[in-house]
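Under our numbering, residues 11 to 150 are what the sequence shown spells out, in order.
Ideal Cβ placement from N, Cα and C applies to all residues, glycine included.
Here is the structure we will look at, set down as structure tokens.
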Amino acid sequence: FQAEDGIRDVERSRGLGDVYKRQSMKIINIKEVPMKKVTMEDMKNTFKQVPISKKDGAPLFCFRVFTIKPGGHTPYHKHPFEHVNYIIKGHGYLKDKNGKKRPLEKGDFALVQPNEYHQYGNSSKRTDFVIICAVNKKYE
């Protein structure tokens, strides 16, 4: 669908109509996003930032950045949605459903399927382990 201003309207061309709120693009540096300690059972030395979320008008996904300090980890858990991760910094692991710690490092991607047990942890004694976690906006 071509709008009157000549810009292609992807939402209408996909047949999605007014499902999405149209907002302008957002550009933000991670240094500008508040970092909050995550407090959950069995969570250790883990902090979260949310640079892109449904509050920004994101139609489908939100992006979260988790910083796991040395010795830290997320809980060993599962949930009914997938998430995609990209490792920004450091060395860590992704514990799978069998309890195996699979190594991760800067530049790696990981996909965790819905209802799959998992845990992220920092393998380093000196540096932070930093990951982007993309999830459907309704689960943020």
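Straight-line measurement puts the Cα of Ala-120 at about 9 Å from the Cα of Cys-143. Annotation: Val-48 is outside any beta strand (DSSP E) and is labelled neither H nor E by DSSP. Collapsing the DSSP output to three states places Tyr-130 in a strand. At the C-beta level, Thr-77 and Thr-56 come within 9 Å of one another. Within the same chain, Cβ atoms closer than 8 Å to the Cβ of Gly-81 are found at Lys-54, Asn-55, Asn-132 and Lys-135, the five residues on either side in sequence being excluded. Going by C-alpha positions, Tyr-103 is about 20 Å away from Gln-59. Among the bridge pairs identified by DSSP, Glu-115 is matched with His-101. The beta-carbon separation of Lys-105 and Gln-123, rounded to 14 Å, does not stay under the 8 Å limit for a contact.
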